[in-house]
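Notes follow the structure.
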Amino acid sequence: MAATETLQATDAATSDADLLDRTVIAVRAAGAALRERFGDVIRYETREELMQALAVNDNTALDILRPRLTTLRPAARWVEDELDGGALPPGEWWVVDPAEGNVNHLHALPDWAVTATLVRENKPVLTVVHLPLTGETYTALTGAGAHLDGRPLHVSGTAELGLSIVATSQARPDEDEKVVRRVGSSITAMLFDALVVRTAVPATLHLTNVAAGRIDAFWQFAGARADLLPGALLVTEAGGEISDAEGRPWTPQSDSFLAAAPGVHAEAVATLSR
35 MAATETLQAT DAATSDADLL DRTVIAVRAA GAALRERFGD VIRYETREEL
85 MQALAVNDNT ALDILRPRLT TLRPAARWVE DELDGGALPP GEWWVVDPAE
135 GNVNHLHALP DWAVTATLVR ENKPVLTVVH LPLTGETYTA LTGAGAHLDG
185 RPLHVSGTAE LGLSIVATSQ ARPDEDEKVV RRVGSSITAM LFDALVVRTA
235 VPATLHLTNV AAGRIDAFWQ FAGARADLLP GALLVTEAGG EISDAEGRPW
285 TPQSDSFLAA APGVHAEAVA TLSR
């Protein structure tokens, strides 16, 4: 019985590894389409015009991603709203952000990506984060580590928050006042305790930097599955720690998120809990 279970686990891992490779191809194709649209600042004068411009980018990538990922996993359902949060129903789901950092793309800023994450029974199984302007592709597979273009990633060995570069982001432009004030007070606290504090969108790119050991911690209040799940898997597989801002286990239902190198995680929790 044990031998059978081991064989089944090996087969599943092999299948997921193959699926990850095929997901990379789909995500890179979507990224290439968005790169062709990049370069000029897109002008808009109203919120409606902004939303229309964002939708054009999303649809450009989705027209490539949706049929390819559906072919790869026909039974997997699709999260329709990239800003949704909370737990997913049972089964497999594709959680995709077709233009993570979309507003940066519209402003000809380089900080944007295409992401796709397969979630199985509410746990991320594999993820791909592709940066079309640099050509970099970050991948993670549960139990198999995190990689940048095939090279293993490891979080930093920093052991003191006072020597750390940390980062945060905002989940969405129209957060309620309580969340906005919590973000502001957390940045103030980190300005006292950390070496450098970076603030920018999108969250996923900060989390790739945590996984790669370039920065030491990232936190965010509120958030959606699409902007936290890819980085959560990358950081975990790179040896980092994931929790909420008070150090409790993080789930998509949590109202805060913290990813950090093990050596500074406890200090970061203490700072964010003040």
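Using my numbering, count along the sequence shown one by one with no gaps and you end on 308. Here a beta-carbon is modelled for each residue, glycine too, at the ideal position from N, C-alpha and C.
Original post:
Any idea which residues DSSP pairs Glu280 with across the strands?
Top reply: Glu280 is not bridged to any residue.
Original post:
Does DSSP put Asp171 in a helix, a strand or coil?
Top reply: According to the sequence as given, residue 171 is Thr; it is not Asp. It is a strand residue.
Original post:
In angstroms, rounded to a whole number, what distance separates the CA positions of Val137 and Arg111?
Top reply: Between the C-alpha atoms of Val137 and Arg111 there is a straight-line separation of about 27 Å.
Original post:
Once you ignore the five residues that flank Thr57 on each side, which residues in its own chain have a CB closer than 6 Å to its CB?
Top reply: Cβ neighbours of Thr57 beyond the five flanking positions: Ala150, Val162.
Subject >> Option in Arg215, Ala121, Leu96, Val230 with minimal Cα separation from Val153 >> reply: Per the Cα distances, Ala121.
Original post:
Would you say Asp74 and Pro132 are within 7 Å of each other, going by their C-beta atoms?
Top reply: Contact: no.
**OP:** Sort Glu114, Ala95, Thr104, Asp97 by Cα distance to Ala260 and report the nearest one.
**Re:** The residue with the shortest Cα to Cα distance from Ala260 is Glu114.
Original post:
Three-state secondary structure (DSSP) at Phe72?
Top reply: Coil.
Original post:
So, helix, strand or coil for Gly32, using DSSP?
Top reply: Look at the range of the chain in this structure, 35 to 308, and you will see that residue 32 is not part of it.
Original post:
Which partner residues of Thr151 appear in the DSSP bridge assignment?
Top reply: Its beta-bridge partners are Val129, Thr161.
Original post:
Taking C-alpha atoms, which residue in Ser49, Ala223, His240, Val61 lies nearest to Val305?
Top reply: First, the amino acid is wrong: residue 305 is Thr here, not Val. Minimum Cα distance to Thr305 is reached at Ala223.
Original post:
Using DSSP with H/G/I as helix, E/B as strand and the rest coil, what is Arg248?
Top reply: Shown here, Arg248 sits in coil according to DSSP, grouped into three states, outside any helix or strand.
Subject >> Length of the line joining the Cα atoms of Ser307 and Ala251 >> reply: When rounded, the distance between both Cα atoms is 15 Å.
Original post:
So, helix, strand or coil for Gln86, using DSSP?
Top reply: Note: Gln86 maps to helix in three-state DSSP.
Subject >> Thr233, enclosing alpha helix (DSSP H) - first and last residue >> reply: Not the alpha helix (DSSP H): Thr233 falls in the beta strand (DSSP E), residues 230-233.
**OP:** State the beta-bridge partners of Leu292 as determined by DSSP.
**Re:** According to DSSP, which records beta bridges pairwise, Leu292 is partnered with Trp253, Ser277.
Subject >> Given Arg206 as reference, the closest of Pro123, Leu262, Pro283 once Cα atoms are compared >> reply: Just measuring C-alpha positions, the residue of Pro123, Leu262, Pro283 sitting nearest Arg206 is Leu262.
Original post:
So who's on the other strand from Arg102, going by DSSP bridges?
Top reply: Assignment of beta-bridge partners to Arg102 by DSSP yields no partner.
**OP:** Would you kindly work out how many angstroms separate the C-alpha atoms of His181 and Glu209, rounded to a whole number?
**Re:** CA-CA distance, His181 to Glu209, rounds to 33 Å.
Subject >> Whole-angstrom C-beta distance between Leu268 and Ala279, which should lie under 8 Å >> reply: A Cβ-Cβ separation of about 19 Å leaves Ala279 out of contact with Leu268 under the 8 Å criterion.
Original post:
How about the stretch 176-191 and the stretch 64-84: do they share at least three Cβ pairs that are nearer than 8 Å?
Top reply: The answer is no - the stretch 64-84 does not touch the stretch 176-191, with fewer than three Cβ pairs under 8 Å.
Original post:
Straight-line CA distance for Ala237 to Leu53?
Top reply: If you draw a straight line from the Cα of Ala237 to the Cα of Leu53, it comes to about 25 Å.
**OP:** Within 10 angstroms of the Cβ of His141, are there 16 or more other Cβ atoms? Answer buried if so, exposed if not.
**Re:** Burial check for His141: the Cβ neighbour count within 10 Å stays below 16, so the residue is exposed.
Original post:
Rounded to a whole number of angstroms, what is the C-alpha to C-alpha distance between Ala43 and Pro101?
Top reply: With a pLDDT of only 45 at Ala43, under 50, the local geometry of the prediction cannot be trusted, and no value is derived from it.
Subject >> Residues that Val200 bridges to, as DSSP identifies them >> reply: In DSSP, Val200 forms a bridge with Val231, Ala251.
Subject >> Own chain partners of His139 with C-beta closer than 8 Å, once the 5 adjacent residues on each side are dropped >> reply: Result list for His139: Leu68, Arg71, Phe72, Asn91, Ala133, Trp146, in chain order.
Original post:
Is it right to say Ala201 is buried, meaning 16 or more other beta carbons lie within 10 angstroms of its own, or is it exposed?
Top reply: Under a 10 Å Cβ-count criterion, Ala201 is classified as buried, with 16 or more other Cβ atoms of the shown protein chains found around its own Cβ.
Subject >> Alpha-carbon spacing of His331 relative to Ser288, whole angstroms >> reply: Nothing about residue 331 can be reported from this structure: the residues present for the chain run from 35 to 308 only.
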